[in-house]
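Numbering (our numbering), first residue to last: 34 to 347.
Backbone N, C-alpha and C fix where the C-beta goes; we use that ideal spot for every residue, glycine too.
Fair warning: this is a prediction, and the values are worked out from it, not measured in the lab.
Below: one structure, written as structure tokens.
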């Protein structure tokens, strides 16, 4: 999702690109494919790059990877550029945490080079908030999970926070070894059929927006689920103190900045909340957060994926 009015930006999983590449590329439209890869060796990541070049001669590539020895990092072509992140970002545990945050940050900076000085100031503010969370605020989540036997986790976010909700749900699923049922959605979308997912052992996390227009829908959602059901927990994550919302929810966390951060950097703080919930839930399930799937159901790099030749007529 992008606020850039001059570019058509879409987020597509490599698993979609590999299966149906013709849906996403037009030979007549100059396109940049940005590939993210912790290892840079996932079969779908490599296949997506190759398939796109097979379909169109009007594509350039930007690869952002944490592994200097991976296939995405070592590929050489005239239309291929690589950002190799520091080796420390290459998480050795199963789930991506710092890898996710650093690849996200690299992409944000790469597409905002003309604003790099302002972003540096904002990033320092976001970093301080992250350090405060690591030193103090995490305890709110630790206490919440210790007090309640939660079996379902729901993450709700609008606009640029939709991706945070999705990533948070994925982390919870991975680190719990599939023992926790998870869902992500937008607050407005959740008010339809997905709301039936709530039961008495559910934690609903709502990532709030500062935009007054968006907050109207988010407040409506909180009011609605609070009025209709009970026994679950609502966690609201906000960037401004709002007594009305604080009175409605069970846990209220405010990420304090000393200025407005509107360029997407706040995502780096929000995703820490989802990662931390997943971490403590993994421990509660007597699992190792680094290796929550010792039987090998899932792995750091997906196993057994066969990539078939693409021979469709254009």
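Should residue 176 go down as buried or exposed, given a rule of 16 or more other Cβ atoms within 10 Å for buried? Within the chain shown, residue 176 is the residue found at index 143, counting from 1. Around the CB of residue 176, fewer than 16 other CB atoms lie within 10 Å, so the residue is classed as exposed.
Across which residues does DSSP place residue 67 in a beta bridge pair? As a first step, residue 67 is located in the chain shown; it is residue number 34 there, counting from the start. In the DSSP output, where bridge partners are listed per residue, residue 67 has 95.
Since residue 218 is in the alpha helix (DSSP H), which residue starts that stretch and which ends it? For the purposes of this step, residue 218 is taken as the residue at position 185 of the chain shown. Not the alpha helix (DSSP H): residue 218 falls in the beta strand (DSSP E), residues 214 to 218.
In terms of residue numbering, what span does the alpha helix (DSSP H) encompassing residue 312 cover? Locating residue 312 in the chain shown gives position 279, counting from the first residue. Segment 300 to 317, the alpha helix (DSSP H) holding residue 312.
If you pair each beta-carbon of the region 268 to 286 with each one of the region 132 to 140, do three or more pairs fall below 8 Å? Contact fails: fewer than three Cβ-Cβ distances are below 8 Å.
By Cβ distance, which residues of its chain are closer than 8 Å to residue 197, with the 5 residues on each side in sequence left out? As a working mapping, residue 197 is identified with position 164 in the chain shown. Within the same chain, residue 197 has close Cβ partners 188, 190, 240, 300, 303, 304 and 307.
Residue 77: buried (16+ other C-beta within 10 angstroms of its C-beta) or exposed? Within the chain shown, the letter at position 44 stands for residue 77. It is buried - the Cβ of residue 77 has at least 16 other Cβ atoms within 10 Å.
Would you kindly work out how many angstroms separate the C-alpha atoms of residue 427 and residue 60, rounded to a whole number? Because the chain in this structure spans residues 34 to 347, residue 427 falls outside the shown range and cannot be described.
Segment limits, alpha helix (DSSP H) that includes residue 185: As a working note, residue 185 is residue 152 in the chain shown. Looking at the DSSP string, residue 185 is not in any alpha helix (DSSP H); the run it does join, the beta strand (DSSP E), is 185 to 190.
With a threshold of 6 Å on Cβ separation, who are the neighbours of residue 283 within its own chain once the five nearest residues in sequence on each side are excluded? Stepping through the chain shown from its first residue, residue 283 is reached at position 250. Within its own chain, the residues whose Cβ lies closer than 6 Å to the Cβ of residue 283, once the five positions on either side in sequence are excluded, are 266 and 267, listed in chain order.
Scan the region 268 to 300 and note each continuous alpha helix (DSSP H) run of 4 residues or more that stays entirely inside, going in chain order. You should have 276 to 281.
In whole angstroms, what is the alpha-carbon distance linking residue 34 and residue 192? Walking along the chain shown from the start, residue 34 turns up at place 1. Walking along the chain shown from the start, residue 192 turns up at place 159. Residue placement at residue 34 is flagged as unreliable, the pLDDT there being 44, under the threshold of 50; the coordinate-derived value follows with that caveat. Taken atom to atom, the span from the alpha-carbon of residue 34 to that of residue 192 is near 7 Å.
Just list the beta strand (DSSP E) runs in the region 123 to 195, keeping only unbroken ones of 3 residues or longer that don't cross its boundaries, in chain order. The qualifying runs are 185 to 190.
Pick helix, strand or coil for residue 261, following the three-state DSSP scheme. Position 228 of the chain shown, counted from the first residue, corresponds to residue 261. DSSP places residue 261 in helix when its eight states are reduced to three.
Sorted by chain position, which residues of the same chain lie with C-beta nearer than 7 Å to residue 347's C-beta, five sequence neighbours on each side aside? Within the chain shown, the letter at position 314 stands for residue 347. Unreliable positioning characterises residue 347 in this predicted model, as indicated by a pLDDT of 48, which lies under 50. A coordinate reading is not provided.
Identify, in the order they occur along the chain, each residue of the same chain with its Cβ nearer than 8 Å to the Cβ of residue 250, setting aside the five sequence neighbours on each side. Position 217 of the chain shown holds residue 250. Setting aside the 5 residues that flank it on each side, residue 250 is surrounded in the same chain by 191, 220 and 221, each with a C-beta closer than 8 Å to its C-beta; the list follows chain order.
When the Cα atoms are used, what is the spatial distance from residue 244 to residue 296? Residue mapping note: residue 244 aligns to position 211 of the chain shown, counting from 1. Residue mapping note: residue 296 aligns to position 263 of the chain shown, counting from 1. The straight-line gap from Cα to Cα measures roughly 13 Å.
Range covered by the beta strand (DSSP E) that runs through residue 239: The residue labelled residue 239 in the question sits at position 206 within the chain shown. Where residue 239 is concerned, the enclosing beta strand (DSSP E) stretches over 235 to 240.
Paired residues, beta bridge with residue 114 - DSSP: By one-based count along the chain shown, residue 114 stands at place 81. 95, per the DSSP bridge assignment.
Which word fits residue 202, buried or exposed, when buried means at least 16 other C-beta atoms lie within 10 angstroms of its C-beta? By 1-based counting over the chain shown, the position of residue 202 is 169. Around the beta-carbon of residue 202, 16 or more other beta-carbon atoms lie within 10 Å, marking it buried.
Can you give me the C-alpha to C-alpha distance between residue 195 and residue 90, rounded to a whole angstrom? Along the chain shown, read from residue 1 onward, the residue named residue 195 stands at position 162. Along the chain shown, read from residue 1 onward, the residue named residue 90 stands at position 57. Rounded to the nearest angstrom, the two C-alpha atoms are 32 Å apart.
Test item: CB-CB of residue 66 and residue 85 under 8 Å: If you number the chain shown from 1, residue 66 lands on position 33. If you number the chain shown from 1, residue 85 lands on position 52. The beta carbons of residue 66 and residue 85 sit closer together than 8 Å.
Taking the C-alpha atoms as reference points, what is the distance between residue 50 and residue 255? Residue 50 sits at position 17 when you count from the first residue of the chain shown. Residue 255 sits at position 222 when you count from the first residue of the chain shown. In this model, residue 50 and residue 255 are separated by some 36 Å (Cα to Cα).
Burial state of residue 269 (16 or more Cβ within 10 Å): Residue numbering aside, residue 269 sits at position 236 when the chain shown is read from its first letter. Answer is buried; the Cβ neighbour count reaches 16.
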